[in-house]
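From first to last, the protein sequence lines stand for chains A and B.
For the first sequence, the working numbering puts the final residue at 878, and the numbers step up evenly by one.
For the second sequence, the working numbering puts the final residue at 878, and the numbers step up evenly by one.
Number of protein chains: 2
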Amino acid sequence: MSPRRSPETPWPTDVELQILQVLWQGGPSTVREVHETLYAGEGAGYTTALKMLQIMHAKGLVERDDSQRAHVYKAGITKQRTQKRYMADMVQRLFNGSASQMVLHALGSHPPASREELKEIRTLLSKIESGD
Amino acid sequence: MSPRRSPETPWPTDVELQILQVLWQGGPSTVREVHETLYAGEGAGYTTALKMLQIMHAKGLVERDDSQRAHVYKAGITKQRTQKRYMADMVQRLFNGSASQMVLHALGSHPPASREELKEIRTLLSKIESGD
DNA sequence: GGCAATATACGAAATCATTCGTTGACGGTG
DNA sequence: CACCGTCAACGAATGATTTCGTATATTGCC
Numbered sequence: 747m748s749p750r751r752s753p754e755t756p757w758p759t760d761v762e763l764q765i766l767q768v769l770w771q772g773g774p775s776t777v778r779e780v781h782e783t784l785y786a787g788e789g790a791g792y793t794t795a796l797k798m799l800q801i802m803h804a805k806g807l808v809e810r811d812d813s814q815r816a817h818v819y820k821a822g823i824t825k826q827r828t829q830k831r832y833m834a835d836m837v838q839r840l841f842n843g844s845a846s847q848m849v850l851h852a853l854g855s856h857p858p859a860s861r862e863e864l865k866e867i868r869t870l871l872s873k874i875e876s877g878d
Numbered sequence: 747m748s749p750r751r752s753p754e755t756p757w758p759t760d761v762e763l764q765i766l767q768v769l770w771q772g773g774p775s776t777v778r779e780v781h782e783t784l785y786a787g788e789g790a791g792y793t794t795a796l797k798m799l800q801i802m803h804a805k806g807l808v809e810r811d812d813s814q815r816a817h818v819y820k821a822g823i824t825k826q827r828t829q830k831r832y833m834a835d836m837v838q839r840l841f842n843g844s845a846s847q848m849v850l851h852a853l854g855s856h857p858p859a860s861r862e863e864l865k866e867i868r869t870l871l872s873k874i875e876s877g878d
C-alpha cells in the first residue's frame with residue numbers, strides 16, 4: 747500500500763556520481779561512451795570504467811541492457827531524487843536540519859545570476875507562505 | 747598579495763565531520779568529552795575517538811593543546827567555512843553550478859518552518875536584487 | 001577457418017577510513 | 001612506596017573504493 751518505497755539504493759561514491767552525471771546528461775550509454783566522456787584521453791582506463799559500471803549495477807545504481815554485445819547502461823536513480831537526497835543529508839549533518847540556513851548560505855555565497863532565477867525563488871516563497 | 751589562502755585543509759570524512767560538530771557545539775574538548783558526547787554508551791570505543799582526533803590533528807582539521815595531561819582539542823576550521831565549502835562543492839557536482847537550482851530544491855523539499863526564516867530569505871533576496 | 005578489434009568478466013593491488021587491542025606513562029590515594 | 005584509574009601512542013585488522021592486468025568471448029572480415 748505504501749506508495750513507492752525503493753529498496754534504498756546506497757550512496758553513490760564520488761566516482762559513481764561522476765558516472766551518473768554522464769548518464770543523466772547523455773542518456774543510456776555503453777561503457778565506451780561513458781569512458782570517452784569521462785576520461786577522454788586522460789584519466790582512468792577502459793576497464794576501470796567497466797568495473798565501476800559493473801559495481802554500480804550490482805548496487806542498483808544503474809540498470810543494464812545486455813541484449814547487445816556492448817551492454818547499455820542507464821541511470822538507476824533519477825537526478826532529482828539524488829539531489830534531494832544529498833540536500834537532505836547535508837541539511838541534517840551541517841545545518842542542524844534548517845533548510846533556511848542552508849538557503850541563506852547558498853544565496854550568500856553564490857547569488858543567482860539571472861533575474862528569472864530570483865523570480866522563481868520569490869514565486870516559490872510566496873507559494874510556501876500562502877500555506878502551500 | 748592574495749588575501750588569505752589557507753593551506754587547503756582536506757575534506758573531513760563522515761566521522762570527522764561528526765567530531766567537528768561536537769567541537770563546534772561544545773567548544774574545545776578532551777578526547778573523553780568528545781567520546782562521551784558522540785558515542786555515549788553505544789558506538790565506538792575510547793581509543794577510536796582518540797585515534798580519530800590524532801589523525802585529524804595530523805591533517806590540520808583540529809588544533810591541540812597538550813600542555814595538560816589530557817590534551818584539549820578544538821576545531822581547526824570554522825563551521826561557517828566548512829558549510830560554505832560543502833555547499834560550493836555540491837552546487838558544482840550536483841546542480842551544474844546553479845545555486846538557484848539548489849535553493850529551489852531545498853525550499854521545495856524542506857520548506858522553512860518559521861515566518862522569521864521566510865523573512866530572512868526575502869530580505870537577502872532584496873539585497874541581492876538591489877545590486878548588493 | 002583464422003585474425004584483429006572490441007567486449008565482458010574476474011581477481012588482485014593500492015589506498016584510505018575506521019576500529020580496536022596493547023603498551024607504557026602519569027598522577028593521586030592509601 | 002605500591003596500586004589503580006586514566007591518558008597518549010602505536011600497530012594492526014577490517015572493509016570499501018578505485019585502479020588495472022589478464023583471460024576469455026564475440027563479431028566482422030579476409
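Backbone N, C-alpha and C define an ideal beta-carbon position, used for all residues, glycine too.
Item, Value
"Distance between residue 837(A) and residue 843(A) (C-alpha atoms, nearest Å)", "5 Å"
"Extent of the continuous beta strand (DSSP E) to which residue 821(A) belongs", "818 to 821"
"Which listed residue (762(A), 823(A) and 828(A)) has its alpha carbon closest to that of residue 801(A)", "762(A)"
"Segment contact, 8 Å Cβ cut-off, at least three pairs: the stretch 839 to 859 of chain A with the stretch 860 to 876 of chain B", "yes"
"Straight-line gap, residue 868(A) to residue 819(A) (C-alpha atoms, nearest Å)", "39 Å"
"Bounding residues of the beta strand (DSSP E) (the contiguous stretch that carries residue 809(A))", "808 to 811"
"Under the three-state DSSP convention, the category residue 776(A) falls into", "strand"
"Cutoff 8 Å: residue 854(A) Cβ touching any chain B Cβ", "yes"
"Per-residue contacts from residue 837(B) into chain A (C-beta, under 8 Å)", "852 and 856"
"Nearest to residue 833(A) (by Cα), restricted to the options 829(B), 830(B) and 851(B)", "851(B)"
"Backbone CA spacing between residue 767(B) and residue 805(B) [nearest angstrom]", "17 Å"
"Reduced DSSP secondary structure (H/G/I, E/B, other) of residue 815(B)", "coil"
"Residue 854(B) - containing alpha helix (DSSP H), residue span", "845 to 855"
"Length of the line joining the Cα atoms of residue 786(B) and residue 812(B)", "24 Å"
"Listed by chain order, chain A residues near residue 813(B) by CB distance under 7 Å", "Near residue 813(B) there are no residues of chain A at all, since even the closest Cβ is about 32 Å away, more than 7 Å."
"Alpha-carbon to alpha-carbon, residue 817(B) and residue 841(B)", "42 Å"
"Residue 876(A) - DSSP class collapsed to helix/strand/coil", "coil"
"From 826(B), 814(B) and 807(B), residue whose alpha carbon lies closest to that of residue 759(B)", "807(B)"
"Burial state of residue 775(B), where buried means 16 or more other Cβ atoms lie within 10 Å", "buried"
"Distance, residue 755(A) Cα to residue 778(A) Cα", "25 Å"
"Below-8 Å beta-carbon distance, residue 823(B) vs any chain A residue", "no"
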